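Protein chains: 2
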Amino acid sequence: MFGVIKRFLIGRPLKSHELGEQKLNKTKALAILSSDALSSVAYGPEQILIVLVTISTAAFWYSIPIAVGVLILLSALILSYRQIIFAYPHGGGAYVVSKSNLGVNPGLIAGGSLLVDYILTVAVSVSAGTDAITSAFPTLHGYNVGIAITFVILITILNLRGVTESASILAYPVYLFVLALFILIAVGLYNIVTGGVSPQLHTPIGTPVTGISLFILLRAFASGSSALTGVEAISNAIPNFKDPAPNNAAKTLMAMGALLAILFSGIVFLAYYYGISPSEKVTVVSQIAEETFGRNFIYFFIQGTTALILVLAANTGYSAFPLLAVNLAKDKFIPRMFLMRGDRLGYSNGIIILGIASILLILTFHAKTEHLIPLYAVGVFLPFTLSQSGMMVKWLREKPQGWVPKFIINTTGTLISLIVTLMFLITKFSQVWSILIFLPIIVFFFHRIKKHYDAVGDQLSLKTCKPPLTIEGNVLIVPVAGMTHVVENTLNYVKSLSPDQIIAVYVAFERDDEKKFEEKWKKWQPDVRLVTLHSHYRSIISPLTKFVDTVEHKAKEGNYRVTVVIPQFIPKKGWHNILHNQSSLLIRSFLLYRRDVIVTTVPYHLIK
Amino acid sequence: MFGVIKRFLIGRPLKSHELGEQKLNKTKALAILSSDALSSVAYGPEQILIVLVTISTAAFWYSIPIAVGVLILLSALILSYRQIIFAYPHGGGAYVVSKSNLGVNPGLIAGGSLLVDYILTVAVSVSAGTDAITSAFPTLHGYNVGIAITFVILITILNLRGVTESASILAYPVYLFVLALFILIAVGLYNIVTGGVSPQLHTPIGTPVTGISLFILLRAFASGSSALTGVEAISNAIPNFKDPAPNNAAKTLMAMGALLAILFSGIVFLAYYYGISPSEKVTVVSQIAEETFGRNFIYFFIQGTTALILVLAANTGYSAFPLLAVNLAKDKFIPRMFLMRGDRLGYSNGIIILGIASILLILTFHAKTEHLIPLYAVGVFLPFTLSQSGMMVKWLREKPQGWVPKFIINTTGTLISLIVTLMFLITKFSQVWSILIFLPIIVFFFHRIKKHYDAVGDQLSLKTCKPPLTIEGNVLIVPVAGMTHVVENTLNYVKSLSPDQIIAVYVAFERDDEKKFEEKWKKWQPDVRLVTLHSHYRSIISPLTKFVDTVEHKAKEGNYRVTVVIPQFIPKKGWHNILHNQSSLLIRSFLLYRRDVIVTTVPYHLIK
């Protein structure tokens, strides 16, 4: 049953050597890895205006120099990540770069903050996309949580099906969104050039504005930088590219940077020239589209693709999270299960955990995740800063040919990222303080996990000297609950092993029962020694454990090993299990985990 | 850790022979078993007026004859249950009485509907009590669900601590509530007698009312009968009484009936004489109390104890549900686990399941369970009808001395209960239809479960002839994941058993790995045969199972038994388990449940 559903949802399992076919070409990679970055132009320019409007609409002209600042930051980031791609061709996320250049702890801070960030990416972007949809269809209001969760489940299934398949489906909306915004910007600029828009709508650049301060400008800049979240996705995902992976990744990155720059500048410029004010109810992009086209088909096309790409931005999280998890798991900082490839060769554990975590976030915040956005931005810019300063250290240390311009690019990137991070921390402390508590905790756990794995490795390795245990003989204990075919079957097996000693143990709850049982047993199995134990507290485990302890204590003296052999009947149908006290399971786990006793289960399959 | 918390919450475990000390005396039993019935006077009279007000306030005088009808029904029920107590001194709930007189299916219908009803009792009464509290403290509005769930958890813990302890704590509120209502009724009557209340407030009895119909009157009567929910609790709980249990239970039942009759008539009469109309915002009891005392201390005392007893009415469910479950489990209609006594000698599985189920109901209905009340009433009156007609059959069949008056009592009870049930079904079909679907389903499952238990009993019993299996020898298969101390330890154990054959199995994901491993193995364990299997789909279980199948097929021909011996390392701390792939657990469950193979686990305990 479960198998059939699974096959239907995610497709047939793939053999390990089919991995190559699952790799991405540039067109698909651009779609799958840049939806997050591209979608952020839908809200980035608006964030700038929201800060400026607190002074006055006359301050809107500052959006132009601020946008230039964002473009410089974008160029620095893109160039820097291009350098990272070639320096770390096996995948150079902030974690790898920071760890190898700055040390383990900066690496773990970057890794931990990105792990959480990808969960936020999914929750925030799916919620934002759902908002866009329910704004268009108000009857759907009130179902936000359900719609958002449905989207997360769909995207999770798509990703479990495999990278290329999800890329094929996801490519259309991304390119349609780019096309829609290109049309919007082109028609807008044409209108301006042909004089179709009055230049009186905006204050000219350079007009003095009272009340403006460096703090406000930096804050506006930081807010605008939220449009850059997601640019790191490509450098994390190099292993997903077709060969030659680094070259393809670098080209895709440049293409994404160019698209992002064009869309961002276009939207900022049109918003400025049209004199658009941010509003609670209508987005800036929607206002521009309405000014340009009126509420006709193209307007709805733009709004529709925007909503869609916001939902799909979640997919960037699905590409990046499992790969980051693989890197962390390889270094033993998180559980090993993130290393396993699923039926369709994707890292399914990472995909599933990401899906569950973001559904939980959506449920907790009722799909209203606005106040998570600053946290999300800090979670992005902190790793940006760390990875770029890591690259600075790398150039300084290695000094390869022509390192100076590379060093300058990374230094610029570091400084701007650092400023953005600090601005978020200072101006929105009430929304981002939690990261200061959370990061040390997660780094602590990373270290604990690594310590454990190292300790296990040491103890299992045959290199450590350990005198081999000599086993002189075996004592087999059979807990019996009655005189049945199940017990008979087990005793036959135990006898066939011809151990040194067999002891059957019966736990009685009432004194009368004890004697009766002993008498019957003598007639039934005269050659098997029976020990009856009395239980005051109606528990089987506690008297049994005490007995096993006693036997084991004696056995150890003579180098005997103790095995508890549990008779267990297996019902024909799975649901029947809830009808039986799972004593045998309890006994087994208890003895195995708390005592040094071997546990054997002898099944007796019921046939009806 | 868990043990300490458990001890703190529910106390030290009790020995089986301490059961007698846990029995209830009459005073405590009255408190613990009648809170449900007594609390329903807080809403029963109101239900009558709510129906009558649909005609006009002039119809209010009908509440007096309707109340007389309810009192007759109450007397019939009390007398009938008194007869049941003596006829079924080991606990005579509707299930037992219906089953032994009417047959299995009527018994199961009664039992099933009561099982669900007790869950409804808990959810509805806790929600109602929470409403009363949040009405008094409006700042708590919006926390209803949380408060209600907290109450359920508290009551669950109290019941896990044991019957007498919960009785001691719960007795005070019940008696305080009775005291509060006695004061209210006494002062109210005194005012009426001394002429402090104007008789003009109400229409005299017998005034003709236009628009009244038999249907309306029956509907009002059915609604008023909801005050009688809970009277069956005592006859279910006879085993909880001190000896002589039946006599004590009968006396307690009579006392409860008398209290219920006095409180119910008092409230109905005062409401009629004061001319009180039901209101959305203020309960009838609250209006009477305000008329009588004004909003002074006594008013708040009455309101407070009312809220408290509504919450505690849930406790009746906790006394009755586990005992009913025991009766059903003894007859094998529900899982056997309901028969086990917990640490404190209560039937803790029943208590916990009841708690969880009612929390789920509260969550589903957001602690707004008003529309569950009709369902709840049907769920009570259906078993009432069945158990009373069962008693009718009993008297007719056995005809003991003086059976005629007993037969008349039960016949009266049957007829009135039947009318009430039908009235609910007819007048509130939209709210109670689900019981008509639900009851056949639950009865079906009861039969399925019984069928399974009977089949298991047959198969295990030594009376069935089965030729004993001869075992000629043993083949031991050891799945190995590497060359470690864990595997070494297991191989030592396997060798000590000196079986006929040992096969080590290694599952490789890559071809290179396969050969390397085989070479190393030859040097390390030259005397143990190694088989390597290749896995295309990165799964260990599927190639391993295929291999085991092949071996088993061969082994069966020579009467050999196959044992799979799994090396498993046990981490020092519980949380470490999530850091390791639980392959050994998976292999074990898979082989045990799907194949007829014995599974042995050899633990290797890590020490750090």
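First to last, the protein sequences are chains A and B. Going by numbering that gives the first Met the number 0, the first sequence opens with residue 0, and the numbers climb by one from there. Going by numbering that gives the first Met the number 0, the second sequence opens with residue 0, and the numbers climb by one from there. Even for Gly, the Cβ is constructed at its ideal location relative to N, Cα and C. From a predicted model like this one, the values you see are computed outputs, not experimental measurements.
Residue 28 of chain A is a Cβ neighbour of residue 240 of chain A, given a cutoff of 7 Å.
The straight-line gap separating the alpha-carbon atoms of residue 175 of chain A and residue 304 of chain A is approximately 7 Å. Between residue 60 of chain A and residue 215 of chain A, the C-beta spacing is not below 7 Å. For the pair residue 542 of chain A and residue 567 of chain A, the CB atoms are not nearer than the 7 Å cut-off.
At a cut-off of 7 Å between beta carbons, residue 537 of chain A contacts chain B. As a beta-bridge residue in DSSP terms, residue 531 of chain B pairs with B:505. When Cβ-Cβ separations below 7 Å define contact, residue 182 of chain A makes no contact with chain B. CA-to-CA, the gap between residue 43 of chain A and residue 393 of chain A works out to about 32 Å. Here residue 373 of chain A has 423, 427, 430 and 431 as same chain residues with Cβ atoms under 7 Å from its own Cβ, once five neighbours each way along the sequence are excluded. For the segment 8 to 28 of chain A, residues whose beta-carbon sits nearer than 7 Å to a beta-carbon of chain B comprise 12, 14 and 15. Of B:514, B:316, B:202 and B:101, the smallest CA-CA separation from residue 379 of chain B is found for B:316.
Separation of residue 535 of chain A and residue 596 of chain A (C-alpha to C-alpha, rounded to the nearest whole angstrom) is 25 Å.
Distance from residue 131 of chain A to residue 376 of chain A at the Cβ level is roughly 20 Å; contact not present, criterion being Cβ atoms closer than 8 Å. Neighbours of residue 607 of chain B across chain A, judged by C-beta separation under 8 Å: 454 and 458. With a threshold of 7 Å between beta carbons, residue 201 of chain A makes no contact with chain B.
For residue 495 of chain B, the nearest CB of chain A lies under 7 Å from its own CB, placing it at the interface with that chain. The C-beta of residue 578 of chain B comes closer than 7 Å to at least one C-beta of chain A. Chain-order list of chain B residues neighbouring residue 160 of chain A: empty, with the shortest C-beta distance near 16 Å, by a criterion of under 9 Å. Taking all protein chains in view, the Cβ of residue 400 of chain B is surrounded by fewer than 16 other Cβ atoms within 10 Å, so the residue is classified as exposed. Check the Cα spacing between residue 321 of chain B and each of B:337, B:333, B:571 and B:138: the tightest is with B:337. Within its own chain, the residues whose Cβ lies closer than 6 Å to the Cβ of residue 417 of chain B, once the five positions on either side in sequence are excluded, are 384, listed in chain order. Straight through space, the alpha carbons of residue 113 of chain A and residue 502 of chain B are spaced by roughly 46 Å. Sorting A:366, A:545 and A:313 by C-alpha distance to the C-alpha of residue 141 of chain A places A:366 at the top. Within the same chain, and ignoring the five residues on either side of residue 48 of chain B in sequence, the residues whose Cβ sits closer than 8 Å to its Cβ are 59, 62, 270, 275, 276, 277 and 283. Interface with chain A (7 Å Cβ-Cβ cutoff): residue 485 of chain B is included. Within the DSSP bridge table, the entry for residue 84 of chain B names no partner. Distance from the Cα of residue 604 of chain A is smallest, within the candidate group B:590, B:607, B:606 and B:258, for B:590. For the pair of segments examined, the segment 220 to 233 of chain B was found to touch the segment 28 to 38 of chain B: the number of CB pairs separated by less than 8 Å reaches three. For residue 288 of chain A against residue 183 of chain A, the beta-carbon gap comes to about 6 Å, under 8 Å, which counts as contact. Counting only runs of 4+ residues, the alpha helix (DSSP H) found wholly inside the segment 431 to 508 of chain A occupies 433 to 459 and 484 to 495, in chain order. Between residue 50 of chain B and residue 326 of chain B, the gap from beta carbon to beta carbon reaches 7 Å or more. Contact between the segment 349 to 367 of chain B and the segment 116 to 131 of chain B is present: three or more C-beta pairs spanning the two stretches fall below 8 Å. Residue 21 of chain B: not part of any alpha helix (DSSP H); DSSP gives it neither H nor E. Residue environment analysis places residue 221 of chain B among the buried positions, since at least 16 neighbouring C-beta atoms fall within 10 angstroms of its C-beta.
In this structure, the straight-line span from the alpha carbon of residue 491 of chain B to that of residue 540 of chain B is close to 24 Å.
Near chain A, meaning a CB-to-CB distance below 7 Å, the residues of the segment 583 to 601 of chain B are 591, 592, 595, 597, 598, 599, 600 and 601.
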